[in-house]
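Here is the structure we will look at, set down as structure tokens.
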Amino acid sequence: MRLLGLVALLVAVVQATTGPYMNVTHPLQSPRSHLHPSIAASPFPTGAFWTNFVLGNEAVASLPYSVKIIDQQLQISYPFRVVTAGNIIEGFTAELIVDVGASPLLVVRHDALSVTLSFQDGGILLHLVRGSPYITLEYKGATPVLSSALEMLSLKEDAAHHCSELLLGNWHKWLLFASSPIQWARSDKAFKGPSSYSGVLRFGLELYSGMRPLFAQHAPTYPTGAAISHQVDATNASVMHWRFDWTTASFPGSASPPLLMTCLLHHMDTFTANMTLLDEVTYMAIRGPMTGVVGNSWTFADTIADPVWDYPSKGPVTSSIKAALAADIALYPTFTPDAYNFGKQIAREARLVLIAERFNDTTTLATGLSKMKRELAKWWDAASVNYFCYDTTYGGLVTKAGLADRDAEFGSGYYNDHHFHYGYFAYAAAVLRRLDPTWVAAHADAIAMIVGDIAADDTSSLFPAARHKDWFTGHSYASGLFSMSNGKSQESSSEAVNAYYGVALYASLDTDTRFYSYAKLLLAMDVRSTQRYWHMSERQTPAIYEPVFAANRMVGVVSEMSVVYSTWFGNLASEIHGINLMPITPMTSHLVRPEYAWQQQEVLRASADKGPDFWPTLSLLDEALVNASSVWAILLARGNAKYDSGNSAANALLYVASQPPFSPNTTAVPPPPQCFGSAACAIAGAFGTPLACCETLPGCCPSDNVCCTHDVTPTDDTACHGEPVCGALGLGCCDSPDGCCDPSGVVLGCCKPKTKAVASSSSSAAAGKDTCVGQPACGALNLGCCGSPEGCCVPTVTGQVLDCCAPVTPVPSNATKTAADDRQTCHQQPQCLLAKLDCCATDAGCCQPDGISGAVLDCCVPLTSAPPVQSATCFNEPKCLAAGVDCCGTPEGCCSASPLLDCCKDFGKSAATEISVGDGPNSCAANPRCLTAGPKGTPLWCCTDPTGPGCCPGAECCEHMGTSVEKILAIVVGVLICLCILYCVTQLYRRRHYEPIERDARAWYCAVFMLVLASFFVYLMVADMHFVAPQDD
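In my numbering, the protein residues as written are 21 to 1053.
Here is the structure:
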């Protein structure tokens, strides 16, 4: 019995520690209750993209979609972008809602790229895989119930593509694919499938019709997980290969087509040549466009250099660095007990030790090494103020202070920022291992666990693989066990990069190079993704962020569903750029490219507030990448520059001295393309304005917008008879002899405005008023300012004018007319000018009769008199201009008198011209502008309903809003309501003696008031009925 008791005591002691660290149980236990027993014993991936599922009810980004689980519902969204100069945020709308039952969710499996959730005790499985353009649900005897936060306009079968199409009120079309036949029945505001359904349902958003056949082709193969592997090239040790092998399943009886996924830009940077991309499949994520990829495996290759220990040597060593070294090593006799600042201080000491080795300063070297070993050993000594413990709940190293207070050490006890903190430890351990390998060998287990907490591979039984690394986005996230409204996030991208830099240096001293290769891959992926998604270079293509935000040049915090130009602690430019620069190490020059640093400096110099404390110094060190000699002089002149606790004067000076000479590329960057490369869409909106998709990425194309297939620019005079806006809409009338803009009455909204005829030429004031005081483009828009004496085009105090205002140029007279004027108008022969004939540039022009035959060119128009002096456009009357009539050169023009000439447009109220636009009706009840005012330039619903009241009055596209009985009634009712409200409030305020309600006349007033109010709302409902889209039965 005594022997058994001794054995039990020995086992208890062994179980109480892991390596040199005391075991502890984490106070937060609830997330583990959502783990299936089969995976509960494994280390918990605290940095995984899906942890919001078990921490609260915030969104999880699967990319390109986002999902939430709230109130027994799986909510699915294709996020919309909200863009400002300070942030870009993805909004969440529950476009699809799937009932998943009351039982709590269980995580049944997970890996670095996916998670599978179970609902209804396994009756429903959600396979959520990063990059999938489908949401995949597997039913095992459960009932599918589908609804939406938006209006579901229709659900209809598409037999040709073996799917159902769900049309929502935001015009999004979701395609529903099923592994076995399914019938949907309308039930109130939901669609319900058959009871006890068994099969796989896949939902994919069709952004344009070209995606449907591709979705149908690849829907039968779906991903359920993934495995990641890597290896060094067999013939070139500097080339790394890695791959994502997707685990797939297929619909029963299908041909198992290759898997369809979507990738981000950094994936395409390193894809091998055999990868197959589908440009037709395009979505937008917070990190820019996502492109379709076909294949069950993704293969990558990249050249990855070995990390260097020290700065390169650039010229002679100066006494300034040596003098600073002696003062710097004495600054911190001991280090602070909180993990983050301790890490910065010991990493600072490690840099000083390497500088001392470089300069053969043995005294400083010995002092630094002794201090580092003494201070580092405190972290596995339970008698210290603060020390590491091993958390058996989640599998990780946490500090005593962090475990006791969830907000201490930036949430490190709840797994925030471990790579920031422990990366500094790893860097210091690497320097110790290089300079005192015997001491490190004696404490190898303790140090290996610090390194392993942030950089373990998938063979570790103590820690999750690469705790903070997101293998799909390529970079790391700092968030731990905290529910985040916009998903995982990270602020200091440079500290993450330097964490893997420290791990790689430590691993470079291993005799086995496998872990070293793994560490280099972690480092290279973070560098590439940081340069892509934090460093907003003006030359980066394709665009990831909208120009208004990209002008900041640096992202402060990147989240799964947002990017912001700020930090968790401040909003100054020096703080935002500085936190993404520190610490200053030999990695800095590799991470921050000189051409990008030059662009950063423009933002930093423009900031009036340079920041407190050490932030101005960090801005200077950023400038050193492009202007080292100037920064060197400034640092020496100041003598007392402030440095953060992870930096020193000696390190800063050596870093500046190591920078190569650099001449920044100051070549002007061309302006961004119109509508992100889709110029036709920039004029395809209502009345020639840009489509809404031109305001945010990815722009308008590819899509079903007709402007995506029309190469038209605002200045394209060859499009649709010189009407590029109509050409961008792809209107059928563009192919008619007269085009779209030659009606006898109403004019399409895509047509250029023309001058209106006035009653008499004798009154210049009247003519000025009718043409909006000489500005016909503003007059055609019916602007209210046209009725004022000064018109619409008086500049503001800042010199701004409306877009419709044209520069006022005097009509040239015969006395001032020159040969250059003749050449500019091809001697008043506009058709020859349009043909761009060379003879237009000659003094004789193109229309002199041939000396023998007397013939002239076909483009020549006979003039009724001597060539007149014309204005540039004959007052926006192109037919009169082409006819070459004399009145074009007069102050009144040709169309201000009555009767009008044949070449003048008649703006009277004649019947609408029959104009065919697409498949819709001819003129939409004499309101043809409504034919192109719908989504993507299509007709409004009210135009296509032959039994409805039409679109006007009420729609913005109506030609003449005018007055009507309905408007008069609405105004009268509105005034009555206001009077009733005022009267009732007054009476109730004055009331002093309360009587039974049936004796109080005020009750009748209230009754009348409510009746009037109800009548008004009934009127609104009736008047607005024709704007409701019809639903399928």
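Don't be surprised by glycine CBs; every beta carbon is placed ideally from N, CA and C.
Exposure label - residue i; buried when at least 16 CB within 10 Å
i       : result
Trp204  : buried
Pro484  : buried
Val87   : buried
Asn518  : buried
Met981  : Bear in mind that the predicted position of Met981 carries a pLDDT of just 44, short of 50, making it too unreliable to give a figure here.
Cys998  : exposed
Ala140  : It should be pointed out that residue 140 corresponds to Gln in this sequence rather than to Ala. Burial call: buried.
Asn2    : Outside the displayed range of the chain (21 to 1053) lies residue 2, so it cannot be described from this structure.
Met1058 : In the structure as shown, the chain starts at 21 and stops at 1053, and residue 1058 therefore has no counterpart that could be examined.
Asp1044 : Any reading at Asp1044 needs caution, since the residue's pLDDT is 47, under 50, leaving its predicted position unreliable; the model's value is listed next. Counting Cβ neighbours within 10 Å, Asp1044 comes out exposed, since fewer than 16 surround it.
Met1030 : exposed
Tyr520  : buried
Arg487  : buried
Gly106  : exposed
Glu300  : exposed
Val992  : exposed
Residue closest to residue i, alpha-carbon to alpha-carbon, out of the options
i      : options                        : result
Ser333 : Thr479, Asp456, Pro606, Val575 : Pro606
Met260 : Thr290, Tyr414, Ala450, Thr244 : Thr290
Leu195 : Cys880, Leu857, Ser184         : Ser184
Gly433 : Ser200, Ala498, Glu511         : Ala498
Leu452 : Ser152, Asp299, Ala397         : Ala397
Phe112 : Met288, Gln95, Ala122          : Gln95
His238 : Leu279, Leu221, Ala198         : Leu279
Gln93  : Ser167, Ala403, Pro614, Ala466 : Ser167
Met7   : Asp348, Thr413, Ala81          : This structure does not reach residue 7, given that the chain is present from 21 up to 1053, and the question cannot be answered.
Ala210 : Trp191, Ser216, Ile248, Leu170 : Leu170
Glu511 : Asn316, Leu374, Ile596, Pro614 : Ile596
Segment limits, beta strand (DSSP E) that includes residue i
i      : result
Val583 : 582-584
Asp299 : 296-305
Pro692 : No beta strand (DSSP E) contains Pro692, which DSSP labels as neither H nor E.
Val876 : Unbroken run through Val876: none, as it is neither H nor E.
Met281 : 280-283
Tyr242 : 241-252
Residue i in three-state terms, based on DSSP
i      : result
Pro606 : coil
Phe360 : The amino acid at residue 360 is misidentified as Phe; the sequence shows Tyr. In this structure, Tyr360 counts as helix in the three-state DSSP scheme.
Asn107 : strand
Ser698 : coil
Asp863 : coil
Asp724 : coil
Tyr228 : coil
Lys88  : strand
Tyr410 : strand
Leu749 : coil
Thr38  : strand
Phe235 : helix
Arg17  : Because the chain spans 21 through 1053 in this model, residue 17 falls outside it and cannot be assessed.
Tyr588 : According to the sequence shown, residue 588 is Trp rather than Tyr. Trp588: coil per DSSP, three-state reduction.
Span of the alpha helix (DSSP H) around residue i
i      : result
Asp265 : Counting along the chain, Asp265 falls outside any alpha helix (DSSP H), though it belongs to the beta strand (DSSP E) covering 259-270.
Gly443 : 438-455
Ala516 : 513-527
Lys420 : 420-424
Met545 : 534-553
Ser471 : The residue you asked about is not Ser; residue 471 is Val in the sequence shown. Unbroken alpha helix (DSSP H) run through Val471: 464-475.
Leu674 : 669-677
Heavy atom of the ligand SAH within 7 angstroms of residue i beta-carbon
i      : result
Gln203 : With respect to the ligand SAH, the structure offers nothing, as it holds no ligand at all.
For the 8 angstroms Cβ check, are there 3 or more pairs between the stretch 694-701 and the stretch 722-732?
Taking 8 angstroms as the limit for Cβ pairs, the verdict is that the stretch 722-732 does touch the stretch 694-701.
Would you check if there are 3 or more beta carbon pairs closer than 8 angstroms linking the stretch 539-559 to the stretch 571-591?
Counting Cβ pairs under 8 angstroms, three or more are found: they touch.
Any chance the stretch 232-247 sits against the stretch 128-148, with 3 or more Cβ pairs inside 8 angstroms?
yes
Between the stretch 215-226 and the stretch 171-181, do at least 3 Cβ pairs fall closer than 8 angstroms?
no
Do the stretch 116-133 and the stretch 51-58 make contact, defined as three or more Cβ pairs closer than 8 angstroms?
Cβ pair count under 8 angstroms is three or more, so yes.
Between the stretch 324-331 and the stretch 347-354, can you find at least three pairs of beta-carbon atoms closer than 8 angstroms?
no
Tell me whether the stretch 426-446 and the stretch 372-380 touch, counting them as touching only if at least three CB pairs, one residue from each stretch, are closer than 8 angstroms.
The answer is no - the stretch 372-380 does not touch the stretch 426-446, with fewer than three Cβ pairs under 8 angstroms.
Does the stretch 36-49 come into contact with the stretch 413-430, if we say contact requires no fewer than three beta-carbon pairs (one atom in each stretch) closer than 8 angstroms?
yes
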